[in-house]
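Participant: Shown below is the structure under consideration.
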Amino acid sequence: MKQFFSKDFWHLPAFMKNSKIMLIAIFLLLLSIVCEIMAFIVNPILGLVLLVLVVLTIVVAFFTLKEITEDTTEYISDLSYRIKRGEQESLIKMPIGILFLSEKGEIEWINPYLQKYFGKNEVLGKPVSEVDEELATLIEENSKAKDALEVSWGERKFQMMIQNDIHAVYLMDVTRYAQIEQHDRDTGIVVGQIFLDNYDEVTQTMTDKKVSNLSNYVTNELSNWAKRFKMYLKRIDDDHFFVVAYAGVLKQLEDEKFRILDRIRERTSKQNFPLTLSIGIAYDDDNLAALARLAQSNLDLALGRGGDQVVVKTPDGQARFYGGKTNPMEKRTRVRARMISQALQELMSQSEQIFVMGHKQPDMDSVGACLGIRRIAAMNKKKCWIVLDKNSLHSDVERLMEELEQYPDIKGTIISAEEALEKTTEQSLLIMVDHSKPSISVSEELYTKLINRVMVIDHHRRGEEFPENPILVYIEPYASSTCELITEMFEYQSKESEPINKIEATAMLTGIIVDTRSFSLRTGTRTFDAASYLRSVGADSAMSQHFMKENADNFLQRNHLIDRVEFIGDNLALCAGETDKIYDPVTAAQAADALLTVSGVEASFVVTQRQDGKVGISARSNGKANVQVIMEQLGGGGHLSNAATQLEGISVSEAREQLLDVLKKEN
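The sequence shown runs 4 to 670 under the numbering used here.
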């Protein structure tokens with residue numbers, strides 16, 4: 004009763020008020036009957052009076068309930084009418100296109116909102132494909148989608164949802180919101196760092212006037228480039244520029260593949276002072292300080308890959324590379340080699356012991372570099388362990404291992420990955436040679452255990468995968484081999500310590516010979532200086548030739564691969580091994596090298612099944628084609644003229660098809 008008299012009661016909907024009144028009436032009727040019975044028991048006259056009152060109450064209640072029932076029926080009828088009318092109006096007037104199809108795909112009905120997208124064309128009873136082929140394709144492609152999808156129809160964007168059970172298609176025009184979202188993406192901040200790779204080397208012998216002219220030319224070219232794309236460019240040093248742009252501009256730059264690199268290189272080459280640029284670009288982060296750091300990191304990656312290229316990367320995305328199609332020029336100096344050598348000595352003095360390891364399936368450059376580091380450690384009176392997997396050695400390294408039997412002090416320092424993990428301490432130093440990817444190290448577990456005590460010495464172009472926090476990095480992509488880099492360090496070691504011996508010098512010389520294909524590729528004056536030094540300390544060329552001899556099986560296997568060659572266009576050669584046959588990776592690489600001797604062949608590719616179940620691709624180039632870029636698209640890397648990759652979960656024929664697809668895109 005209290006609810007009946009409350010203020011809120013009279014604001015309830017009519018049918019709810021009527022229901023409550025009926026309940027109250029029934030309650031009062033029952034109460035009256037109980038009171039009447041009790042009254043007759045106490046006093047008949049009082050009971051008779053109350054009976055009259057009850058009868059009157061029943062009559063009043065009857066007519067009241069009748070009125071309530073009529074009001075409720077009228078209310079429900081009115082509400083049902085309004086709901087149905089609202090449904091009909093919404094189908095016709097709401098800003099969502101509705102399309103009903105027959106089982107044959109013919110249009111049975113569309114609402115007026117959707118009709119405006121077809122103009123005045125008659126669409127009812129016609130197949131969707133006949134009315135609008137693009138819309139028919141969208142419906143067919145998204146027919147199994149459970150959630151709404153954003154699609155492009157004509158020049159507009161729509162949220163599309165398909166209800167298959169009633170053959171209905173719903174389209175909401177979201178073009179305006181898509182434009183706002185696209186504008187937001189296009190106006191995202193992009194930060195870039197531009198570096199003139201070899202500015203110091205080029206200007207070293209130039210007169211002040213020529214230096215000024217060169218500087219003005221580069222500044223004008225970059226300024227015009229920035230003005231054309233509405234970017235902010237600021238010179239912060241003789242060889243360093245800072246650039247800020249919008250994300251929409253970055254897409255234009257990527258579409259034209261940063262032609263500014265080619266323009267400056269070609270123009271300066273004609274003046275006999277070839278200058279190249281490296282650019283690191285970062286975007287998609289609200290923190291400008293973080294973007295600046297990432298841009299610098301991307302620039303370091305571009306320089307580590309040899310320069311003359313652009314690296315574009317978001318904080319969490321994969322790096323995209325542009326340029327890098329020319330051979331890197333030799334920019335390292337004796338000063339840098341001395342500084343690295345001194346830094347290495349300092350690191351060794353602070354370490355309890357040193358571990359050195361190359362890559363899986365080690366070649367002579369990898370093993371020779373390990374022996375060189377072991378000797379430098381000995382010169383600094385430090386224990387050094389060479390981590391090697393003796394179960395995956397090629398014939399040349401096996402011959403070296405046999406020869407090392409005569410050198411027990413060296414042989415005893417060659418250990419397995421398991422032994423290395425047992426020997427490590429917190430103050431151990433790990434040196435990765437001839438590679439910079441932890442995933443291809445002899446022991447990735449050893450790298451993980453010493454992740455904060457890692458040094459890298461390599462001559463391959465740096466890839467996106469790289470040690471997280473190396474304490475020293477010496478990557479020189481213009482060096483012929485890692486053995487060349489390490490050989491230069493001997494000049495700066497103590498003269499009182501025991502020098503490099505014959506077997507170590509021979510192994511390192513062999514590493515240089517193998518990586519340069521007998522000094523025919525990637526050789527500079529420093530390469531011959533290193534080879535000359537190794538010969539002067541006892542390297543045996545006859546023993547080196549002995550190491551490089553092929554056994555009969557490898558010789559026949561290599562010739563078998565070459566026999567399966569196919570030529571692609573006028574300048575590419577491709578060999579695919581048999582699907583069910585295992586090939587030695589070194590043999591595959593030798594086959595790729597051999598194909599370059601064929602007239603007209605600028606690049607060669609050999610696809611083979613490996614012992615570990617992966618499919619390997621060895622790629623070689625005479626320098627005119629960039630095989631590194633091609634292999635990177637397949638998950639690998641290397642040099643401009645020497646690269647490779649390994650693919651998992653596919654067959655040789657499938658790998659061949661993937662390679663052909665990439666070659667078509669590049670050409």
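Cβ coordinates follow ideal geometry from the N, Cα and C atoms, glycine included. None of the values given here were measured: they were computed from a predicted structure.
#1: Could you check how far apart the C-beta atoms of residue 300 and residue 283 are, in whole angstroms? I think they sit under 8 Å.
#2: Three or more C-beta pairs under 8 Å: does that hold for the stretch 190 to 205 against the stretch 165 to 177?
#3: Looking at residue 374 and residue 420, is the spacing between their C-beta atoms short of 8 Å?
#4: Throw me the rounded Cβ distance for the residue 393 and residue 351 pair, which I believe falls under 8 Å.
#5: Give me the Cα-Cα distance between residue 654 and residue 577, rounded to the nearest whole angstrom.
#6: Any chance you could list the beta strand (DSSP E) runs of at least 3 consecutive residues sitting entirely within the stretch 218 to 259, in chain order?
#7: Which of the three DSSP states, helix, strand or coil, is assigned to residue 592?
#8: For the stretch 295 to 363, list the alpha helix (DSSP H) runs that are entirely contained and at least 4 residues long, ordered along the chain.
#9: So residue 622 packs on residue 633, CB below 8 Å; how close in whole Å?
#10: Tell me, please, which residues DSSP counts as bridged to residue 153.
#11: Between the Cα of residue 402 and the Cα atoms of 512, 552, 189, 168, which residue gives the shortest distance?
#12: Under the three-state reduction of DSSP, which class applies to residue 131: helix, strand or coil?
#13: Using a Cβ-Cβ cut-off of 7 Å (strictly less than) and excluding sequence neighbours within five positions of residue 517, which residues of its own chain qualify?
#14: Quick one: what does DSSP say residue 209 is sitting in, helix, strand or coil?
#15: Can you tell me where the beta strand (DSSP E) with residue 514 in it begins and where it stops?
#16: Quick check on the DSSP output: what are the complete alpha helix (DSSP H) runs of length 4 or more inside the stretch 402 to 474, in order along the chain?
#17: Determine the burial state of residue 486: buried for a count of at least 16 other Cβ atoms within 10 Å of its Cβ, exposed for fewer.
#18: Under 8 Å, with one C-beta from each stretch per pair, do the stretch 226 to 244 and the stretch 288 to 299 reach the 3-pair mark?
#19: Using the C-alpha atoms, what's the distance from residue 457 back to residue 348?
#20: Would you say residue 210 lies against chain B (beta-carbon separation less than 8 Å)?
#21: Taking just the CA atoms, how far does residue 573 sit from residue 399?
#22: Give me the Cα-Cα distance between residue 582 and residue 656, rounded to the nearest whole angstrom.
#23: Please report the straight-line C-alpha distance between residue 36 and residue 59, rounded to a whole angstrom.
#24: Let me check one thing: in DSSP terms, what residues is residue 490 bridge-paired to?
#25: Answer yes or no: do residue 602 and residue 625 have a C-beta to C-beta separation smaller than 8 Å?
#26: For residue 256, count neighbouring Cβ atoms within 10 angstroms of its own Cβ and tell me buried if that reaches 16, exposed if not.
#27: May I ask which residues mark the beginning and end of the beta strand (DSSP E) holding residue 645?
#28: Can you check which of these residues, 267, 390, 461, 378, is closest to residue 498 by C-alpha distance?
#29: Thinking just about the alpha-carbon of each residue, which of 514, 474, 362 is nearest to the one in residue 430?
#30: Contact between the stretch 603 to 614 and the stretch 413 to 427: three or more CB pairs below 8 Å?
#31: Does the separation of the CB atoms of residue 110 and residue 101 fall below 8 Å?
#32: Run the CB neighbour count on residue 8, radius 10 Å, all protein chains shown included, and call it buried at 16 or more, exposed below.
#33: Under the assumption that residue 491 contacts residue 542 (Cβ atoms under 8 Å), give the Cβ distance between them as a whole number of angstroms.
#34: Can you check which of these residues, 649, 478, 296, 146, is closest to residue 442 by C-alpha distance?
#35: Would you say residue 250 and residue 234 are within 8 Å of each other, going by their C-beta atoms?
#36: Within a Cβ cutoff of 8 Å, which residues of the same chain sit near residue 381, ignoring the five residues on either side of it in sequence?
Facilitator: In this structure, then:
#1: 7 Å
#2: no
#3: no
#4: 26 Å between Cβ atoms; not a contact.
#5: 16 Å
#6: 235 to 240, 243 to 249
#7: helix
#8: 337 to 352
#9: 6 Å
#10: 162
#11: 552
#12: helix
#13: 366, 367, 368, 551
#14: coil
#15: From DSSP, residue 514 is part of no beta strand (DSSP E) but of the alpha helix (DSSP H) over 505 to 518.
#16: 411 to 414, 420 to 426, 447 to 452
#17: buried
#18: no
#19: 14 Å
#20: Here chain B cannot be found, since the structure has a single protein chain.
#21: 34 Å
#22: 7 Å
#23: 12 Å
#24: Paired residues: none, contrary to the question.
#25: no
#26: buried
#27: 645 to 650
#28: 378
#29: 474
#30: no
#31: no
#32: Its pLDDT being 39, under 50, residue 8 is placed unreliably by the model, and the measurement read from it follows with that caveat. So residue 8 counts as exposed.
#33: The Cβ separation is near 15 Å, so there is no contact.
#34: 649
#35: no
#36: 387, 500, 501
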